[in-house]
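A.B. asks: Sharing a structure, written as structure tokens. Questions coming.
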Amino acid sequence: MASTVELASSFIEGAPPGELADVVADVQALTEGEDIIPSLLPAFKRYNEAQLATVKLPGSSQEVIVSGFNELEDNRYFDPESQTSFEVDHTTQTASGAQSYALESEHVDLIKSLLKSFGVHAREHYPNCSYGVYPMENDTVIAIVLVANRYSPNNFWNGRFRAIYQFPVSSSSSTLTGNIHVDVHYYEDGNVALNTTKPVNISVPSVSAESIVSRIAAAERDYQEALNRAFVQTSEGVFKGLRRQLPITRQKVEWEKVGGYRLGQDISGGKGR
Amino acid sequence: MADAQFDSALDLLRRLNPRDTKSNLQAITTIVPDLTEDLLSSVDQPLEIRRCPQTNRDYLLCDYNRDGDSYRSPWSNEFDPPLEDGTVPSERVRKLEVAANESFDVYRELYYEGGVGSVYFWDLDDGFAGVILLKKGVTPGSQSSGEWDSIHVFEATDRARMSHYKLTSTVILHLANKTEALGDMDLSGNMTRQVEVDLPVESDASHVANVGRLVEDMELKMRNLLQEVYFGKAKDVVGELRSLGPLSDANRDRETQREMIMSMQK
Numbered sequence: 002m003a004s005t006v007e008l009a010s011s012f013i014e015g016a017p018p019g020e021l022a023d024v025v026a027d028v029q030a031l032t033e034g035e036d037i038i039p040s041l042l043p044a045f046k047r048y049n050e051a052q053l054a055t056v057k058l059p060g061s062s063q064e065v066i067v068s069g070f071n072e073l074e075d076n077r078y079f080d081p082e083s084q085t086s087f088e089v090d091h092t093t094q095t096a097s098g099a100q101s102y103a104l105e106s107e108h109v110d111l112i113k114s115l116l117k118s119f120g121v122h123a124r125e126h127y128p129n130c131s132y133g134v135y136p137m138e139n140d141t142v143i144a145i146v147l148v149a150n151r152y153s154p155n156n157f158w159n160g161r162f163r164a165i166y167q168f169p170v171s172s173s174s175s176t177l178t179g180n181i182h183v184d185v186h187y188y189e190d191g192n193v194a195l196n197t198t199k200p201v202n203i204s205v206p207s208v209s210a211e212s213i214v215s216r217i218a219a220a221e222r223d224y225q226e227a228l229n230r231a232f233v234q235t236s237e238g239v240f241k242g243l244r245r246q247l248p249i250t251r252q253k254v255e256w257e258k259v260g261g262y263r264l265g266q267d268i269s270g271g272k273g274r
Numbered sequence: 026m027a028d029a030q031f032d033s034a035l036d037l038l039r040r041l042n043p044r045d046t047k048s049n050l051q052a053i054t055t056i057v058p059d060l061t062e063d064l065l066s067s068v069d070q071p072l073e074i075r076r077c078p079q080t081n082r083d084y085l086l087c088d089y090n091r092d093g094d095s096y097r098s099p100w101s102n103e104f105d106p107p108l109e110d111g112t113v114p115s116e117r118v119r120k121l122e123v124a125a126n127e128s129f130d131v132y133r134e135l136y137y138e139g140g141v142g143s144v145y146f147w148d149l150d151d152g153f154a155g156v157i158l159l160k161k162g163v164t165p166g167s168q169s170s171g172e173w174d175s176i177h178v179f180e181a182t183d184r185a186r187m188s189h190y191k192l193t194s195t196v197i198l199h200l201a202n203k204t205e206a207l208g209d210m211d212l213s214g215n216m217t218r219q220v221e222v223d224l225p226v227e228s229d230a231s232h233v234a235n236v237g238r239l240v241e242d243m244e245l246k247m248r249n250l251l252q253e254v255y256f257g258k259a260k261d262v263v264g265e266l267r268s269l270g271p272l273s274d275a276n277r278d279r280e281t282q283r284e285m286i287m288s289m290q291k
């Protein structure tokens with residue numbers, strides 16, 4: 002049987018956008034008497050990196066991403082745009098110990114121009130987002146990462162949009178691969194979740210910031226349009242096929258006339274048929 | 026502290042992915058075994074189908090037709106696996122149950138055009154109670170699927186020539202879609218609504234018609250609500266996360282509009 006720590010870890014990692022603190026409070030109530038939080042640290046870290054958690058840099062209002070792509074060493078991450086490294090407390094999602102950090106990469110110029118072009122694109126389409134561009138795999142691959150959150154707990158909904166792309170920088174042309182994820186949670190008198198994963202696979206004719214960002218912008222637009230169409234198609238297809246709004250006769254059921262009883266029939270005499 | 030733990034368990038299930046309610050419920054009751062009984066009777070899960078060996082008809086399983094490890098078929102009134110002394114309704118309430126099953130079978134055909142339904146009634150000191158279950162699944166293409174589970178629990182309390190009805194309805198709706206352009210899309214969840222009303226009762230037959238109309242009205246309301254939340258609200262939130270058009274255009278439009286209003290107010 003799975004241990005309490007394993008089960009509680011799966012709850013942490015399954016927390017919907019913007020509701021980690023609520024899930025933590027529930028887990029604490031269910032495991033009362035145990036000091037379980039320290040043993041959930043690996044789950045918090047996996048959640049933060051997978052969900053592209055954002056933390057405020059100390060002394061700044063800027064929110065920067067925590068991911069597997071910009072980790073330096075244990076719990077220390079870097080942000081190329083502000084040229085800062087920082088330590089993350091995964092349980093509280095807070096940053097401390099900021100230090101200046103010079104990017105170590107042969108592709109510093111490309112990364113800087115990607116940050117600039119991608120930043121313009123991100124600000125044009127995501128009202129509340131954070132993004133990063135990071136060298137990885139011994140400087141052979143560049144990762145472009147974006148997260149956009151909107152939380153409205155007073156209206157019982159929260160949402161998160163994540164886009165994660167990678168491309169090798171060795172050759173002149175390249176293929177960009179990655180995933181777009183949209184997660185929406187609505188929980189007024191119920192619990193409704195939208196979870197999507199869209200794999201992205203785009204060939205890029207030349208490894209330049211402009212050409213890469215314009216391909217990304219087109220892929221994201223195409224995806225949002227496909228998703229909007231899917232809402233309409235599902236509503237008019239599968240949903241209608243499950244339950245009609247009215248019977249084919251357009252009349253409601255005449256309950257007095259269906260089934261075994263007729264109104265006024267003496268029930269002590271049985272069904273009488 | 027048990028009450029607080031029960032509330033926390035319900036809160037957690039309301040937050041975690043509704044697609045995984047069954048496994049999350051198991052996980053919670055593994056951590057706090059004392060909550061098992063209460064959670065099983067208050068958390069709705071997709072209904073399971075079983076075939077009645079006596080009548081060869083399908084029926085639905087829930088906590089209300091369960092006795093130990095056996096389930097009672099609404100068609101035969103027998104438990105499977107057989108039970109010597111399984112709890113069955115009184116003769117009067119069983120007659121009502123048979124009639125309600127016949128009526129809701131017609132209802133199911135009219136609205137669902139298929140699927141499976143079951144109605145279970147049981148006796149109360151001052152009336153009776155019951156649950157109406159409806160289930161339908163569709164897989165129109167190999168890449169899309171939908172599953173609807175309705176669970177309507179009611180209590181009918183006797184009053185003079187009237188009955189007081191309290192209905193709690195939950196619909197569990199799971200939808201999945203997969204195409205090249207879309208990738209994987211999963212839209213799943215459940216919603217619950219309650220209604221209380223006093224209605225006239227001439228004879229026992231009135232109960233079936235009263236409950237029938239209550240459930241019919243409730244399902245219409247809930248279908249509209251589900252449509253609004255699943256396809257309207259969810260799409261709106263996606264639009265809040267990402268704007269299809271450039272935000273600078275939207276901001277400029279808003280600025281222009283603001284200036285226009287300002288100039289009109291002068």
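Going down the list, the protein sequences come from chains A and B.
Taking this note's numbering, I'd label the letters of the first sequence as residues 2 to 274.
Taking this note's numbering, I'd label the letters of the second sequence as residues 26 to 291.
All C-beta atoms, glycine included, are put in the ideal place defined by N, C-alpha and C.
Computed from a prediction, not measured in an experiment: that's the story for all the values here.
Mind checking if A/ASN196 is an interface residue toward chain B, Cβ cutoff 9 Å exclusive?
C.D. replies: Mapped onto the first sequence, residue 196 of chain A falls at position 195. By this cut-off, A/ASN196 is an interface position.
A.B. asks: Taking only heavy atoms of the ligand MG into account, decide whether any of them is closer than 8 Å to the Cβ of A/PHE119.
C.D. replies: This structure lacks the ligand MG; in fact it carries no ligand of any kind.
A.B. asks: Reducing DSSP to helix, strand and coil, say where A/PRO43 ends up.
C.D. replies: Here the question's residue 43 of chain A lines up with position 42 in the first sequence. Reduced to three states, the DSSP call for A/PRO43 is helix.
A.B. asks: If I measure Cβ to Cβ from A/MET137 and keep anything under 8 Å in the same chain, skipping five residues before and after, which residues do I get?
C.D. replies: Taking the first sequence and counting its residues from 1, one reaches residue 137 of chain A at position 136. Answer for A/MET137: PHE70, ILE143, ALA144, GLN167, listed in chain order.
A.B. asks: Contact between the stretch 38 to 48 of chain A and the stretch 7 to 20 of chain A is defined here as three or more beta-carbon pairs at a separation below 8 Å; is this criterion met?
C.D. replies: The stretch 38 to 48 of chain A vs the stretch 7 to 20 of chain A: in contact.
A.B. asks: Can at least three beta-carbon pairs, one atom from the stretch 261 to 268 of chain B and one from the stretch 208 to 228 of chain A, be found at a separation below 8 Å?
C.D. replies: With the cut-off at 8 Å, the stretch 261 to 268 of chain B and the stretch 208 to 228 of chain A touch.
A.B. asks: List the endpoints of the continuous alpha helix (DSSP H) containing B/ASP229.
C.D. replies: As a first step, residue 229 of chain B is located in the second sequence; it is residue number 204 there, counting from the start. 229 to 252 is the extent of the alpha helix (DSSP H) around B/ASP229.
A.B. asks: Three-state secondary structure (DSSP) at B/HIS177?
C.D. replies: Stepping through the second sequence from its first residue, residue 177 of chain B is reached at position 152. DSSP places B/HIS177 in strand when its eight states are reduced to three.
A.B. asks: Return the first residue and the last residue of the beta strand (DSSP E) that B/ASP110 is part of.
C.D. replies: As a working mapping, residue 110 of chain B is identified with position 85 in the second sequence. Premise fails: B/ASP110 is in no beta strand (DSSP E) and is neither H nor E.
A.B. asks: Nearest to A/LYS1 by CA position, among A/TYR135, A/SER97, A/SER236, is which residue?
C.D. replies: Outside the modelled stretch of chain A, which goes from 2 to 274, sits residue 1 of chain A, for which no answer is possible.
A.B. asks: Round the Cβ separation of B/ILE74 and B/VAL131 to the nearest angstrom and send it over; I've been treating them as touching at under 8 Å.
C.D. replies: Taking the second sequence and counting its residues from 1, the one referred to as residue 74 of chain B is at position 49. Taking the second sequence and counting its residues from 1, the one referred to as residue 131 of chain B is at position 106. Not a contact, Cβ separation roughly 20 Å.
A.B. asks: Please report the straight-line C-alpha distance between A/VAL89 and B/GLN168, rounded to a whole angstrom.
C.D. replies: Position 88 of the first sequence, counted from the first residue, corresponds to residue 89 of chain A. Position 143 of the second sequence, counted from the first residue, corresponds to residue 168 of chain B. Each residue's Cα considered, the two are about 41 Å apart.
A.B. asks: Beta-carbon of B/TYR89 versus every beta-carbon of chain A: anything under 9 Å?
C.D. replies: In the second sequence, counting from the first residue as 1, residue 89 of chain B sits at position 64. Output row for B/TYR89: interface = no.
A.B. asks: Measure the alpha-carbon distance for B/ALA125 versus B/LEU159 and round it to whole angstroms.
C.D. replies: The residue given as residue 125 of chain B occupies position 100 in the second sequence. The residue given as residue 159 of chain B occupies position 134 in the second sequence. Answer to the nearest angstrom: the Cα atoms are 13 Å apart.
A.B. asks: Does A/ILE249 get closer than 9 Å to chain B when you measure Cβ to Cβ?
C.D. replies: For the purposes of this step, residue 249 of chain A is taken as residue 248 along the first sequence, with counting starting at 1. Yes, because at least one Cβ of chain B sits closer than 9 Å to the Cβ of A/ILE249.
A.B. asks: Check A/LEU229 in the structure and name its three-state DSSP category.
C.D. replies: As a first step, residue 229 of chain A must be located in the first sequence, where it is residue number 228. Here the sequence assigns Asn to residue 229 of chain A, which means Leu is not the residue at that position. Three-state DSSP puts A/ASN229 in a helix.
A.B. asks: Over the uninterrupted beta strand (DSSP E) stretch that includes B/PHE153, give me the two end residues.
C.D. replies: Taking the first residue of the second sequence as 1, we reach residue 153 of chain B at position 128. Start and end: 152 to 166.
A.B. asks: Does A/LEU264 come out as helix, strand or coil in the three-state DSSP assignment?
C.D. replies: Position 263 of the first sequence holds residue 264 of chain A. Because A/LEU264 carries a pLDDT of 43, less than 50, the predicted location of this residue cannot be relied on, and the following value inherits that uncertainty. Of the three classes helix, strand and coil, the one that applies to A/LEU264 here is coil, per DSSP.
A.B. asks: Using the three-state DSSP reduction, which class does A/ASN129 fall into: helix, strand or coil?
C.D. replies: Residue numbering aside, residue 129 of chain A sits at position 128 when the first sequence is read from its first letter. Residue state, collapsed to three classes: coil.
A.B. asks: Measure the CB-CB distance between A/ILE38 and A/THR92 and report whether it falls below 9 Å.
C.D. replies: Numbered from its first residue, the first sequence carries residue 38 of chain A at position 37. Numbered from its first residue, the first sequence carries residue 92 of chain A at position 91. Closer than 9 Å, so yes.
A.B. asks: For B/TYR137, return the contacting residues in chain A, with the cut-off set at a CB-CB distance below 9 Å.
C.D. replies: Indexing the second sequence from 1 puts residue 137 of chain B at position 112. LEU243, ARG244, ARG245, listed in chain order.
A.B. asks: Give every residue of the same chain whose Cβ lies closer than 7 Å to the Cβ of A/LYS199, excluding the five residues on either side of it in the sequence, and list them in chain order.
C.D. replies: If you number the first sequence from 1, residue 199 of chain A lands on position 198. For A/LYS199, where only same-chain residues beyond five positions count, the Cβ hits under 7 Å are ASN180, ILE181, TYR224.
A.B. asks: How would you label B/ASN42, buried or exposed, when you count the other beta carbons within 10 angstroms and need 16 or more for buried?
C.D. replies: In the second sequence, counting from the first residue as 1, residue 42 of chain B sits at position 17. By the 10 Å Cβ count, B/ASN42 comes out buried.
A.B. asks: Pair every Cβ in the stretch 198 to 209 of chain B with every Cβ in the stretch 175 to 186 of chain B, then say whether three or more of these pairs are closer than 8 Å.
C.D. replies: As far as the Cβ criterion goes, the stretch 198 to 209 of chain B does not touch the stretch 175 to 186 of chain B, which means the pair count is below three.
A.B. asks: In this structure, what does DSSP give as the bridge partners for B/LYS203?
C.D. replies: Indexing the second sequence from 1 puts residue 203 of chain B at position 178. B/ASP209, per the DSSP bridge assignment.
A.B. asks: By DSSP's criteria, B/LEU86 is part of a beta bridge. Which residues make up the other side?
C.D. replies: Taking the second sequence and counting its residues from 1, one reaches residue 86 of chain B at position 61. Answer is B/GLU73.
A.B. asks: Considering only the alpha carbon of each residue, which of A/ASP110, A/VAL183, A/GLY60 lies closest to A/ASN196?
C.D. replies: Translated into the one-based positions of the first sequence, residue 196 of chain A becomes position 195. Here the closest residue by C-alpha is A/VAL183.
A.B. asks: Return the Cβ separation of A/GLU20 and A/ASN159 in integer angstroms, given the expectation that the two are a contact with Cβ distance under 8 Å.
C.D. replies: Counted from its first residue, the first sequence places residue 20 of chain A at position 19. Counted from its first residue, the first sequence places residue 159 of chain A at position 158. About 6 Å; that satisfies the 8 Å criterion.
A.B. asks: Can you pull out the residues from the stretch 188 to 213 of chain A whose beta carbon lies closer than 7 Å to at least one beta carbon of chain B?
C.D. replies: So the list reads TYR188, ASP190, GLY191, ASN192, VAL193, ALA194, LEU195, ASN196, THR197, THR198, LYS199, PRO200, given in the order they occur along the chain.
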